[in-house]
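What follows is a single structure, written as structure tokens, with notes after it.
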Amino acid sequence: MTGGRVNLLGLSRSALEEFFEGLGEKPFRARQLMRWVYGQGVSDFDLMTDISKKLRLRLAEIAEIRPPRIVTDQLSGDGTHKWMLRGSDDQAVETVFIPEVARRTLCISSQVGCALDCSFCSTAQQGFNRNLGTAEIVGQVWLASRQLGDRVDADERVVTNVVLMGMGEPLANYRNVVPALEILLDDFGFNLSRRRVTLSTSGLVPQMDRLARDCNVALAVSLHAPNDELRDQLVPINRRYPIAELLDACWRYTEAGLRRHITFEYVMLDKVNDSDAHARDLVRLMKHRPAKVNLIPFNPFPNTPYRRSARDRIERFREILLRSGVRATIRRTRGDDIDAACGQLVGRVEDRTRIRLGEKLISVAARP
Ligand code: SAH
Numbered sequence: 166m167t168g169g170r171v172n173l174l175g176l177s178r179s180a181l182e183e184f185f186e187g188l189g190e191k192p193f194r195a196r197q198l199m200r201w202v203y204g205q206g207v208s209d210f211d212l213m214t215d216i217s218k219k220l221r222l223r224l225a226e227i228a229e230i231r232p233p234r235i236v237t238d239q240l241s242g243d244g245t246h247k248w249m250l251r252g253s254d255d256q257a258v259e260t261v262f263i264p265e266v267a268r269r270t271l272c273i274s275s276q277v278g279c280a281l282d283c284s285f286c287s288t289a290q291q292g293f294n295r296n297l298g299t300a301e302i303v304g305q306v307w308l309a310s311r312q313l314g315d316r317v318d319a320d321e322r323v324v325t326n327v328v329l330m331g332m333g334e335p336l337a338n339y340r341n342v343v344p345a346l347e348i349l350l351d352d353f354g355f356n357l358s359r360r361r362v363t364l365s366t367s368g369l370v371p372q373m374d375r376l377a378r379d380c381n382v383a384l385a386v387s388l389h390a391p392n393d394e395l396r397d398q399l400v401p402i403n404r405r406y407p408i409a410e411l412l413d414a415c416w417r418y419t420e421a422g423l424r425r426h427i428t429f430e431y432v433m434l435d436k437v438n439d440s441d442a443h444a445r446d447l448v449r450l451m452k453h454r455p456a457k458v459n460l461i462p463f464n465p466f467p468n469t470p471y472r473r474s475a476r477d478r479i480e481r482f483r484e485i486l487l488r489s490g491v492r493a494t495i496r497r498t499r500g501d502d503i504d505a506a507c508g509q510l511v512g513r514v515e516d517r518t519r520i521r522l523g524e525k526l527i528s529v530a531a532r533p
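Position 317 (the sequence shown) corresponds to 482 in the working numbering; numbering is contiguous.
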């Protein structure tokens with residue numbers, strides 16, 4: 166809110182209906198407004214001509230459509246586009262558009278910084294500042310769509326897919342992320358199918374079960390190691406939710422929504438998790454399961470001790486998975502010339518409180 170005005174970008178259809186009912190209006194006003202805001206990219210109430218003049222004036226007094234502001238805008242040599250966006254304070258997050266032949270994906274952030282402290286991720290180095298509000302999450306899609314000239318009612322959409330794989334752990338911001346997902350999927354919102362919206366998580370088991378019930382979008386899980394000893398180091402939340410528990414939650418997730426599979430992200434770190442033995446251990450976890458492994462060549466950032474596995478190592482690792490019947494792909498690195506690749510998003514996290522969930526959890530819930 167600014168000056169007491171409510172930002173309608175943050176309200177799902179049911180919340181908007183309540184908002185209009187609170188004004189003594191019929192709930193269908195919510196659909197009318199959403200058609201303007203998401204269908205047409207209009208933010209000025211005065212242009213919403215099927216709404217009475219009186220109601221438009223009232224809306225302008227008490228409400229607003231306020232997207233984040235653009236701080237920087239960079240285009241990579243490969244067509245990847247990165248925006249640094251500022252929400253309601255001086256903090257900034259990053260949003261990346263990745264055009265490919267078959268799909269054009271927008272990668273959005275869910276938090277300013279991140280508390281999970283994964284050792285190979287540059288967002289972790291920023292520490293955690295705060296959760297993004299629903300309006301700030303939806304606002305990234307709204308703004309990028311406008312910048313890219315996308316229209317929800319167009320025959321061919323510019324943004325075909327949205328992934329929550331930017332800064333932050335989306336399931337640690339459950340309260341604000343779920344209404345944002347609802348707006349992405351809503352026919353009167355961005356009208357994206359569930360297959361085309363992917364949430365990536367480091368593995369917060371209770372929230373995965375909730376998500377299966379509340380909003381069963383496609384799920385990607387950051388696995389990165391085939392055993393607890395190694396995963397404890399790379400993804401510290403593993404000490405709270407070890408691999409066996411995490412995988413059980415994954416298979417429950419696929420059953421709940423009749424989803425075809427879960428994507429497992431596996432960052433390829435030279436001599437850390439990329440040996441033949443690691444691949445064979447991974448096969449044991451994934452075999453005969455509704456799983457697909459996505460191998461991500463590590464993207465370096467300043468002061469990291471890790472190095473990217475050699476190309477032939479990554480290919481050999483993939484071969485071992487494929488020969489055992491485990492589906493596996495290698496993620497093509499995009500946008501690394503503008504630091505827009507996986508794990509390179511840093512935004513601008515000022516006033517870092519450096520709450521690190523990893524450290525807190527270790528003391529609270531160390532596994533025997
Ligand atoms: N917190 C969520 C969302 C971030 S998604 C999650 O962990 O899934 C970003 C993906 O990029 C994750 O799979 C993450 O593990 C991976 N990643 C992080 N740092 C990376 C790096 N330096 N190189 C390649 N991939 C990285």
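Even for Gly, the Cβ is constructed at its ideal location relative to N, Cα and C.
Is DSSP giving VAL207 helix, strand or coil here?
-> Counting from 1 along the sequence shown, the entry for residue 207 is found at position 42. Residue state, collapsed to three classes: coil.
With contact counted as at least three CB pairs below 8 Å, one residue from each stretch, are the segment 232-252 and the segment 343-354 in contact?
-> no
Could you check the C-alpha separation between GLY195 and VAL324 for me, to the nearest Å?
-> If you number the sequence shown from 1, residue 195 lands on position 30. If you number the sequence shown from 1, residue 324 lands on position 159. First, the residue type needs correcting, since residue 195 is Ala and not Gly in the sequence shown. If I take the Cα positions, the gap works out to 24 Å.
Helix or strand or just coil, what does DSSP make of ALA257?
-> In the sequence shown, residue 257 corresponds to position 92, counting from 1. Here ALA257 sits in strand by DSSP.
Should VAL432 be counted as a contact of the ligand FMN given a C-beta to heavy atom distance under 7 Å?
-> For the ligand FMN, the structure offers nothing, since it holds only the ligand SAH.
When we look at the beta-carbon of LYS219 and count the other beta-carbons within 10 Å, is it buried (16 or more) or exposed?
-> Counted from its first residue, the sequence shown places residue 219 at position 54. When all chains shown are included, LYS219 counts as exposed.
Excluding five sequence neighbours on each side, which residues of the same chain lie with their C-beta closer than 6 Å to the C-beta of ALA267?
-> Mapped onto the sequence shown, residue 267 falls at position 102. Taken in chain order, the list of residues that qualify is empty.
Indicate whether the contact test is met: 3 or more Cβ pairs, each with one atom in the segment 362-369 and one in the segment 290-308, closer than 8 Å.
-> no
Can you tell me the Cα-Cα spacing of ASP539 and LYS452, whole angstroms?
-> Because residue 539 is not part of the residues shown, which for the chain are 166 to 533, the question remains open.
Cutoff 8 Å; reference THR518; Cβ partners in own chain excluding five residues on either side = Residue numbering aside, residue 518 sits at position 353 when the sequence shown is read from its first letter. Residue placement at THR518 cannot be trusted, given a pLDDT of 43 that sits under 50; what the coordinates show is reported in the next sentence. GLY292, PHE293 and ASN294, listed in sequence order.
Roughly how many angstroms separate the alpha carbons of ASP502 and THR237, rounded to a whole number?
-> The residue labelled residue 502 in the question sits at position 337 within the sequence shown. The residue labelled residue 237 in the question sits at position 72 within the sequence shown. Looking at the two C-alpha atoms, the distance is approximately 15 Å.
Between MET330 and the ligand SAH, is the CB less than 7 Å from at least one heavy atom?
-> On the sequence shown, position 165 is the one that residue 330 refers to. Within the cutoff, so yes.
Delimiting residues of the beta strand (DSSP E) encompassing ILE503 = In the sequence shown, the residue the question calls residue 503 occupies position 338. Unbroken run through ILE503: none, as it is neither H nor E.
Buried or exposed: which applies to PRO335, given that a residue is buried once 16 or more other Cβ atoms fall within 10 Å of its Cβ?
-> Locating residue 335 in the sequence shown gives position 170, counting from the first residue. When all chains shown are included, PRO335 counts as buried.
For GLY169, count neighbouring C-beta atoms within 10 Å of its own C-beta (all shown protein chains included) and say buried if the count is 16 or more, exposed if not.
-> For the purposes of this step, residue 169 is taken as residue 4 along the sequence shown, with counting starting at 1. GLY169 comes out exposed.
Report buried or exposed for LYS247, applying the criterion of at least 16 other Cβ atoms within 10 angstroms of its Cβ.
-> Looking up residue 247 in the sequence shown gives position 82. Its Cβ being crowded by 16 or more others within 10 Å, LYS247 is buried.
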